[in-house]
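Single-structure report; data block below.
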Amino acid sequence: MASKAAYKRLTKEYLNLQHSPPPYISAHPSDRNILEWHFIITGPPSTPYANGQYHGTLVFPPEYPFKPPAIRMHTPSGRFVINSRICLSISDFHPKSWNPSWTVGTILVGLVSFMTGEEVTTGSMNTTVEQRKVYAAQSRAYNARSQKFVEEFPEETAENLRMIAEQEAEARVAKFAAAMNGATTTADGAIAPAGPAHGQARVGGIGWSGKKMAIVALVVGYIVLAKFMA
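Its first residue numbered 46, the sequence shown is counted upward by one per residue in the working numbering.
So this is what it looks like as structure tokens:
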């Protein structure tokens, strides 16, 4: 249970974050426990995490702000071990280095800085840039399947589901277009170009220009349907 000092301080910090959120960060306390905070880091551009969406938690001790919180990440990123405490100077691993003037914003800005670097610590991991990009691309779908994320971030979940529906519709259209052109799709969903004979073929009296018009119409239809369903 939070002390009066912790409750007052965390309430003030939440209001400050609502008014002036740090770049790439959103955070709020749990409705059931003000000592448990949930946050989202949106992967900064020009990093392997660009456009990724990473859910994490801060669990504060009742003595906050005189003791630091435990920090965990729950969305795979290739940078942190999920659900494990992260050892940083701003976390509960180092209470002696903790400064009571530091805030939730200070902690999360420091976490983003560490995330985009390459320093190694307890709770971190080492993966390739390409692996981190794959995790970033999969992060929203992962969060959409996470019960805790869905509970804490209903608006973000709705947006994630809308984006996933659009991506799935576009993938179906790409496969249809490939089939119309006599091409095939590769394992990653890319279209393998057809040979010259396929490119010039006519199906049922419809030339390639006619097929292109049909494909464009189908693309528009799928996208409109996906947005309507959202």
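Using N, Cα and C, we set each Cβ at its ideal position, and we do this for glycine too.
Coarse secondary structure for residue i, derived from DSSP in three states
i, result
"P72", "Looking at the sequence itself, residue 72 is Ala, so the reference to Pro does not match. Here A72 sits in strand by DSSP."
"T172", "coil"
"F125", "strand"
"I152", "helix"
"E81", "strand"
"H64", "helix"
"R190", "coil"
"I135", "coil"
"A223", "helix"
"Y94", "coil"
"N31", "Lying before the first or after the last residue shown, residue 31 is absent from the chain, which here runs from 46 to 275."
"P145", "coil"
"E343", "Outside the shown range of the chain, which is 46 to 275, sits residue 343, and nothing can be said about it."
"T166", "coil"
"S48", "coil"
"P140", "helix"
"Y109", "coil"
"F198", "coil"
"T276", "The first residue shown for the chain is 46 and the last is 275, placing residue 276 beyond what the model contains."
Distance between residue j and residue i (C-alpha atoms, nearest Å)
i, j, result
"S169", "M46", "29 angstroms"
"S142", "E175", "35 angstroms"
"T173", "S48", "43 angstroms"
"P107", "T120", "26 angstroms"
"H83", "T102", "5 angstroms"
"N96", "A181", "7 angstroms"
"L62", "E215", "37 angstroms"
"E198", "L60", "The amino acid at residue 198 is misidentified as Glu; the sequence shows Phe. Cα to Cα, F198 sits roughly 18 angstroms from L60."
"Y99", "I116", "13 angstroms"
"I79", "F221", "50 angstroms"
"S91", "V165", "21 angstroms"
"E204", "A210", "10 angstroms"
"P110", "K178", "36 angstroms"
"P74", "Q212", "32 angstroms"
"P66", "A224", "47 angstroms"
"L55", "M118", "20 angstroms"
"E196", "R77", "12 angstroms"
"E124", "V218", "According to the sequence provided, residue 124 is Arg. The question's Glu does not apply to it. Spanning the two alpha carbons is a distance of roughly 34 angstroms."
"R130", "M208", "31 angstroms"
"A51", "Y94", "33 angstroms"
"C132", "F105", "15 angstroms"
"P114", "T161", "21 angstroms"
Per DSSP, the bridge partner or partners of residue i
i, result
"I116", "L103"
"R130", "R117"
"I86", "I70, Y99"
Any non-hydrogen atom of the ligand GTP within 6 angstroms of residue i CB
i, result
"R54", "Annotation note on the ligand GTP: not contained in the displayed structure, which lists no ligands."
Counting pairs of beta carbons, one from the stretch 128 to 148 and one from the stretch 82 to 95, are three or more of them closer than 8 angstroms? no
Can at least three beta-carbon pairs, one atom from the stretch 150 to 161 and one from the stretch 188 to 200, be found at a separation below 8 angstroms? no
Is the number of C-beta pairs between the stretch 180 to 190 and the stretch 152 to 161 that are closer than 8 angstroms three or more? no
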